[in-house]
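Numbering (the working numbering), first residue to last: 4 to 92.
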């Protein structure tokens with residue numbers, strides 16, 4: 004089966020949804036201090052997915068905020084499902 008490039012509309016849609024996941028006002032940690040952190044490294048060939056500040060996406064895990072932890076896992080799940088589309092950006 005031959006692979007085809009997605010249409011321009013699909014490409015723009017995927018690009019917009021990926022940018023939404025990496026907004027600068029997100030809860031990514033910029034400087035680490037004592038605590039527990041969650042990160043995931045997504046890579047393909049020689050490319051690594053990073054935030055707009057050129058950092059690996061890292062979120063602090065706080066057990067007192069269980070709903071926040073679930074949102075963080077949901078974020079990583081969304082990024083992993085969109086990873087196949089990144090080559091078209």
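We put the beta carbon where it would ideally sit given N, CA and C, even for glycine.
Burial state of residue i, where buried means 16 or more other Cβ atoms lie within 10 Å
i, result
"residue 62", "buried"
"residue 4", "Because the pLDDT of residue 4 is 43, which lies under 50, any placement of that residue in the model is unreliable, and the number read from its coordinates should be weighed accordingly. Classification for residue 4: exposed."
Candidates the options: closest to residue i by CA position
i, options, result
"residue 54", "80, 76, 33, 77", "33"
"residue 83", "35, 38, 42, 36", "42"
"residue 39", "77, 64, 76, 74", "64"
"residue 46", "60, 37, 56, 35", "60"
Endpoints, beta strand (DSSP E) assigned at residue i
i, result
"residue 62", "61-64"
"residue 41", "39-42"
The ligand PLP heavy atom lying under 7 Å from the CB of residue i
i, result
"residue 83", "The ligand content of the structure shown is nil, which means the ligand PLP is not present either."
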